[in-house]
Amino acid sequence: MAASNSGGGPISTQAAAALAEGINLVFGRWTALQMAVENQWGGRDSRAKADQFGESLHSWFCRSRGPHYFEDLVDMMYEKISDSFNADFEDNSVEEVAEQLLIMHEECLQSNYSSIEVLRNSHVQGSAVSQSRQISADGDDSDSSDDDDGDASMMEDEAAAAPEEMAVDRPRPSKPAPDADGWTVVPPRHGGRSRGGKN
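Okay, so the sequence shown: first residue is 1 according to UniProt numbering, each after it adds one.
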């Protein structure tokens with residue numbers, strides 16, 4: 001029987017445990033969420049709120065009757081981010097994370113843990129926020145030779161000023177090249193509202 005189990009059948013204990021690990025791995029690489037935690041957008045207990053967010057998603061996948069719809073997951077995630085962090089991630093990362101979690105859940109139902117394995121093996125790279133924190137804390141600039149001074153505040157400012165780089169695992173876009181007249185076309189920012197703003 002090759003029928004898909006997306007109708008919300010029971011998930012095995014092993015699959016539920018793997019899904020929990022997968023959610024944690026995805027959250028650890030989700031730059032917008034990590035910035036919300038690092039900058040305490042949800043107050044002093046921002047880390048606990050992020051953990052609770054992951055647990056509520058895990059519960060939705062494992063306890064609620066399916067089918068699990070993309071739109072429902074995205075709506076729930078936006079609501080949770082707004083409630084927990086008083087934020088609105090406008091970089092399309094919520095949709096990317098939701099899609100990744102739905103695929104992961106579907107694979108877990110079929111006892112296929114390959115995407116979680118891939119995340120586990122590539123987790124060393126971490127998110128942009130944890131990378132800059134690691135560089136400034138360890139003085140290890142092997143990944144970034146031009147940040148020799150390890151100025152953490154400068155790196156945080158760069159991260160805050162670039163919401164288009166917050167999406168999960170999105171490769172860095174190459175810098176736009178000037179055209180024949182010497183003008184450089186800058187792509188539009190998604191949403192336009194930024195959390196940090198000028199003081």
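Ideal Cβ positions, reconstructed from N, Cα and C, are used throughout, including at glycine.
Problem - Where Gly28 falls: helix, strand or coil (DSSP) - result: For this step, residue 28 is matched to residue 28 along the sequence shown. Helix, per DSSP.
Problem - Close-in-space but distant-in-sequence residues of the same chain around Ala87 (CB under 7 Å, 5 per side omitted) - result: In the sequence shown, counting from the first residue as 1, residue 87 sits at position 87. Excluding positions up to five away in sequence, the list reads Ala36, Trp41, Ile81, Arg195.
Exercise for the section: Specify, as a first and last residue, the run of the alpha helix (DSSP H) that Asn121 falls within. Expected result: Within the sequence shown, residue 121 is the residue found at index 121, counting from 1. Its alpha helix (DSSP H) spans residues 114-122.
Handout entry: Cut-off 6 Å between Cβ atoms - residues of its own chain near Asn112, not counting five sequence neighbours on either side
Key = By one-based count along the sequence shown, residue 112 stands at place 112. Here the set comprises nothing.
Handout entry: Three-state secondary structure (DSSP) of Tyr69
Key = For the purposes of this step, residue 69 is taken as residue 69 along the sequence shown, with counting starting at 1. Coil, per DSSP.
Exercise for the section: May I have the straight-line CA-CA distance separating Lys49 from Gly43, to the nearest angstrom? Expected result: As a working mapping, residue 49 is identified with position 49 in the sequence shown. As a working mapping, residue 43 is identified with position 43 in the sequence shown. Roughly 9 Å separates the two Cα atoms.
Practice task
Go to Gln52, then tell me how far its alpha helix (DSSP H) extends in each direction, as first and last residue.
Solution key: Within the sequence shown, the letter at position 52 stands for residue 52. Its alpha helix (DSSP H) spans residues 46-63.
Handout entry: Beta carbon of Gln100 nearer than 8 Å to that of Val26
Key = The count along the sequence shown starts at 1 and reaches residue 100 at position 100. The count along the sequence shown starts at 1 and reaches residue 26 at position 26. Result yes, Cβ atoms of Gln100 and Val26 sit closer than 8 Å.
Problem - For Asp83, the three-state DSSP class (helix, strand or coil) - result: Here the question's residue 83 lines up with position 83 in the sequence shown. Note: Asp83 maps to helix in three-state DSSP.
Practice task
For Arg29, count neighbouring Cβ atoms within 10 angstroms of its own Cβ and tell me buried if that reaches 16, exposed if not.
Solution key: Translated into the one-based positions of the sequence shown, residue 29 becomes position 29. Under this definition Arg29 is a buried residue.
Problem - Gly22 - DSSP class collapsed to helix/strand/coil - result: The residue given as residue 22 occupies position 22 in the sequence shown. Gly22 falls in the helix class under three-state DSSP.
Problem - Pairwise C-alpha distance: Glu38 and Thr13 - result: The residue given as residue 13 occupies position 13 in the sequence shown. The residue given as residue 38 occupies position 38 in the sequence shown. If I take the Cα positions, the gap works out to 32 Å.
Problem - Assigned secondary structure, Ser145 (DSSP; H/G/I helix, E/B strand, else coil) - result: Stepping through the sequence shown from its first residue, residue 145 is reached at position 145. Reliability fails at Ser145, whose pLDDT of 44 lies under 50, so the model's placement of it is uncertain and no value is given.
Exercise for the section: Measure the C-alpha to C-alpha separation of Asp91 and Pro10 and round it to an integer number of angstroms. Expected result: Here residue 91 refers to the residue found at position 91 when the sequence shown is read from its first residue. Here residue 10 refers to the residue found at position 10 when the sequence shown is read from its first residue. Cα-Cα distance, rounded: 34 Å.
Problem - Exposure of Ser64, with buried meaning 16 or more beta-carbon neighbours within 10 Å - result: Along the sequence shown, one-based indexing puts residue 64 at 64. That one is exposed.
Problem - Inter-residue spacing [alpha-carbon to alpha-carbon] between Cys108 and Leu102 - result: As a position in the sequence shown, residue 108 is number 108, starting the count at 1. As a position in the sequence shown, residue 102 is number 102, starting the count at 1. When rounded, the distance between both Cα atoms is 10 Å.
Practice task
Answer with yes or no whether the minimum CB distance from Gly28 to chain C is below 8 Å.
Solution key: In the displayed structure, chain C is absent; only one protein chain is listed.
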